[in-house]
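The sequence shown begins at 485 in my numbering and counts up by one. Even glycine gets a Cβ: it sits at the ideal position worked out from N, Cα and C. Okay, structure first, notes after.
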Amino acid sequence: MNNFLADVLPQEGGLVASPSRSYNVTIAIGGLLAALGLAAGLHSMYAGHEHTFGVTRDVPWGLLIATYVFFVVSSTGLCLVSSIGHVFGVEAFKPIAKRSVFMAIVTIVAGFFVIGFEIENPWRMPIYNMLSPNPTSNIWWMGTLYGAYLFFMVVEFALLQMGKHKTAGTLGLLGVISGIAAHSNLGAVFGLLGGREFWHGPYMPIYFITSAMMSGCAAVIFFHYLGYRANGWKMSEKLESSLVATAKLGATLIAVIMFFTTWKMISGISGQPPGKYEAMMALVSGPYALNFWLGEVMLGMVIPFAMILAARAKNMPILFWASVSGIVGIFFMRYDLVVVGQIVPWYHELGVVDMPHLFTYTPSLHEIVITAGAMGLCVMGFFMGEKLFRGHLSEDH
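Written as structure tokens, this is what we have:
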């Protein structure tokens with residue numbers, strides 16, 4: 485066991501993390517947020533979701549589901565982008581492998597942290613997943629596939645640390661397959677709900693995979709630049725070239741998501757399809773218009789796309805701020821996707837007396853604290869990883 489840990493945790497070489505007080509304070513703040521999130525989650529389980537969460541019978545999925553989707557999308561994206569190098573052999577993407585795989589693990593764990601408190605009785609899920617499987621349920625497949633995905637990613641990262649790159653590539657391929665299967669299935673959780681017109685259709689699984697890749701590109705740039713900047717390290721030319729290639733891929737995927745978003749708007753408005761039209765109008769000119777135009781469109785797509793083009797994908801500080809803008813915008817995308825899909829009443833077209841035109845939802849304090857806790861867990865995991873794994877260096881940089 486000691487030999488295994490010595491192989492996985494580098495004892496020498498690599499880069500030494502900053503010993504500064506601010507670095508350690510950042511880790512402590514992340515840990516404190518995670519502890520507060522844990523406390524809020526445990527209290528919600530004790531007091532009951534109906535007393536502590538803002539969700540209702542009408543809008544049963546809220547901020548926590550949106551945050552879960554945000555984290556698992558980021559994790560899958562990090563896995564897919566990193567696999568271009570160390571699984572499929574594209575040299576330009578090899579230097580980003582270790583840190584990206586590690587952060588894929590951290591973000592999926594943060595996602596599990598959130599969903600564990602959202603489902604109220606999380607211990608039942610692994611038990612009945614095995615004792616009473618339901619292969620016709622998308623949510624059963626989601627739990628099974630993401631569990632397999634996490635296992636493959638952990639083993640892959642350990643093998644990368646041990647220098648067993650060929651075997652790590654095999655595990656990476658299994659991680660890619662399980663990640664794509666899990667994430668497209670997550671899209672199907674929404675897309676196969678015939679009673680929710682805003683989600684329903686074959687668009688969702690395809691959109692989820694594409695947006696995961698876009699999220700992964702933003703996360704790769706964000707975490708690599710932040711790791712080097714926070715510790716005062718200098719990037720090698722190979723790593724900078726890798727991040728330039730990642731930015732170019734990210735810009736391409738942003739353009740694809742712009743295309744998806746444009747046609748989703750057109751299809752939701754043209755002909756005023758029942759249910760879908762009301763949700764789309766709430767998004768583009770109703771109560772969620774600010775989220776959509778400022779959050780999704782400007783922060784999530786237009787600003788990062790323009791910044792990458794303006795810098796020709798070569799200026800690292802500009803690419804970092806483009807990734808920050810993109811990540812914030814992507815969070816708005818997930819929130820709007822989850823909430824707006826539920827706000828149209830089921831019998832809206834029948835003119836039922838006393839039925840509101842749109843349902844409302846406001847996140848509760850418990851939901852916000854749990855979300856902040858997951859963010860803190862991610863921050864703590866990232867900075868601790870920089871210390872423990874000495875900058876995630878490989879022979880490629």
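Per DSSP, H533 is one residue of the alpha helix (DSSP H) stretching across 533-536. The beta carbons of F555 and G595 sit closer together than 8 Å. Between the alpha carbons of L778 and G784 lies a gap of roughly 8 Å. The Cβ-Cβ distance between I511 and F867 falls below 8 Å. Burial is judged here by how many other beta carbons sit within 10 angstroms of a residue's own beta carbon; N669 has at least 16 and is buried.
The alpha-carbon separation between A524 and N605 amounts to approximately 15 Å. The beta-carbon distance between A665 and L562, rounded to whole angstroms, is 17 Å. This is too long to meet the 8 Å contact definition.
Rounded to the nearest angstrom, the gap between the Cα atoms of P788 and Y530 is 42 Å. Each residue's CA atom was taken as its position, placing M764 and G675 some 16 Å apart.
With contacts defined by Cβ atoms closer than 8 Å, I792 and L803 form a contacting pair.
Nearest to T540 by alpha-carbon distance, out of L872, S848, A858, is S848. The DSSP-derived three-state label of R818 is helix. Contact check for F816 against I827 fails: the beta carbons are separated by 8 Å or more.
Taken through DSSP and simplified to helix, strand or coil, F636 comes out as helix. Straight-line measurement puts the Cα of G656 at about 34 Å from the Cα of V823. When secondary structure is reduced to three states using DSSP, M646 falls in the coil class, being assigned neither helix nor strand.
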